[in-house]
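In case it helps, the working numbering puts the sequence shown at residues 894 to 963. Beta carbons: idealized from backbone N, C-alpha and C, even for Gly.
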Amino acid sequence: VKGAVAMARLPDQVNPERNSSGSQYYITLDEQSFLDGQYTIFGKVINGMSVIEKIEIGDQMISIIIKNNQ
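See below:
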């Protein structure tokens, strides 16, 4: 799912129990079906995907707003 937000973790070779690995997360930029069943998606980008697509290595987050849209 494009725009899916999930937690990153260490590879199975060093983390065979698939325990959480800290505070890193990722946002998918395209369909990533090979991740199905491997990671838990806990969010989805609703607005601003065009901004996410412009992020480059080394960019830093200055602020973030997480809203509950229920």
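query, result
"May I have the straight-line CA-CA distance separating Gly941 from Ala899, to the nearest angstrom?", "17 Å"
"Taking just the CA atoms, how far does Val944 sit from Ile920?", "12 Å"
"Tell me, to the nearest whole angstrom, how far the beta carbon of Ala897 is from that of Lys960; I am working on the premise that it is less than 8 Å.", "With a Cβ gap of about 17 Å, Ala897 and Lys960 do not count as contacting."
"In angstroms with no decimal places, state the Cα-to-Cα distance between Arg911 and Asn962.", "30 Å"
"According to DSSP, which residues form a beta bridge with Ala897?", "Lys937"
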